[in-house]
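Everything below concerns the one structure shown next.
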Amino acid sequence: MSNIKGLSICSNQRRPYFLYLFHAFSGRIEQDEALTGAPGLSPLVNTDDSAERTELADVTAPLSLDDVIEQLFKQQAVIHHLQTKMMAKDQEIEKKVQQLQSEIEAKDQTVKALEQDCRQEIKSLQQGLIFRCESGKLSIPQNGLAGGVSFFNLTATFSMPFRTTPVVTVGFQELDSSRDRNLRVYARVRSVYATNMTVGIGKWDDTLVYNAGVYWMACA
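Per full-length UniProt numbering, the very first residue in the sequence shown carries number 1; after that it's consecutive.
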């Protein structure tokens with residue numbers, strides 16, 4: 001079946017159909033001649049009004065019905081060929097677009113992974129950073145370890161709470177003991193919290209301590 005300007009014509013019926021059109025057109029011309037009383041003008045004849053004469057037009061011979069049908073089918077084949085090329089081009093463009101979209105999605109995933117790695121690295125570095133330090137001094141009472149007392153627990157309260165439990169370091173700042181006795185003393189951190197800490201200063205054996213003090217530093 002062939003589609004010609006919206007008309008569906010089967011191949012085995014196309015010749016009778018065009019013959020029908022030809023005869024219908026001829027009949028219409030004869031009908032017009034009968035109504036007007038004047039012969040119809042042939043498309044092959046030109047009328048020169050100024051010279052009042054009629055002569056044959058210099059035109060090519062008319063195409064046969066088979067030639068017209070053949071040309072129509074050739075045009076239809078050309079149109080079909082162009083449509084096929086356009087469809088192939090559209091498919092190629094769509095394929096390229098999909099490829100570009102896949103590449104963009106892959107790059108987006110790579111960027112997101114890099115961002116996540118950077119966040120983790122920053123978080124790890126921040127965990128090892130020291131944001132604030134505070135220091136002070138703790139001392140035992142005068143002659144506090146000269147008698148039977150063997151240790152003192154001294155507490156220091158921070159000026160403001162740390163964000164986490166701080167790391168505390170202590171060291172002797174002052175130590176006054178009897179030169180006639182052994183020197184056996186210690187200073188150690190007993191407990192640490194975000195708000196305060198406790199340091200113990202003590203002795204053992206026959207040591208006599210008249211004065212003792214430590215410096216401390218807490219950082220977090």
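Glycine included, C-beta positions come from ideal geometry on N, C-alpha and C.
In the three-state reduction of the DSSP assignment, Val-168 falls in the strand class, which pools E and B.
Within the model, the alpha-carbon separation for Gly-136 versus Arg-190 is close to 16 Å. A distance of 7 Å or more separates the beta carbons of Met-217 and Thr-155. Looking from the CA of Ala-146, the closest CA among Ala-220, Ile-79, Asn-211 belongs to Asn-211.
Of the residues Arg-119, Leu-208, Gln-83, Phe-152, the one whose Cα lies closest to the Cα of Arg-184 is Leu-208. Pro-161 and Lys-123 have their alpha carbons spaced roughly 22 Å apart. Asn-153 is positioned such that its CB atom lies no closer than 7 Å to that of Thr-195.
Per the C-alpha coordinates, the member of Thr-110, Glu-174, Gln-173, Phe-158 positioned closest to Val-167 is Phe-158. Sixteen is the threshold: when 16 or more other Cβ atoms of the shown chains lie within 10 Å of the Cβ of Ala-187, as they do, the residue is buried. In the structure shown, Gln-142 falls within a coil segment according to DSSP collapsed to helix, strand and coil. Taking all protein chains in view, the Cβ of Gly-202 is crowded by 16 or more other Cβ atoms within 10 Å, so the residue is classified as buried. Relative to Val-149, the option among Gln-83, Gly-200, Val-78 whose CA is nearest is Gly-200. Note that the C-beta distance between Cys-219 and Ile-130 is below 7 Å.
By the C-beta density criterion, Ser-102 is exposed, having fewer than 16 other C-beta atoms within 10 angstroms. C-alpha of Leu-72 to C-alpha of Ala-88: approximately 24 Å in a straight line. DSSP places Thr-110 in the uninterrupted alpha helix (DSSP H) bounded by 65-127. Of the residues Thr-164, Gly-171, Asp-206, Thr-165, the one whose Cα lies closest to the Cα of Asp-180 is Asp-206.
Leu-138 counts as buried, since at least 16 other C-beta atoms from the protein chains shown sit within 10 angstroms of its C-beta. Secondary structure of Trp-204 (DSSP, three-state): coil.
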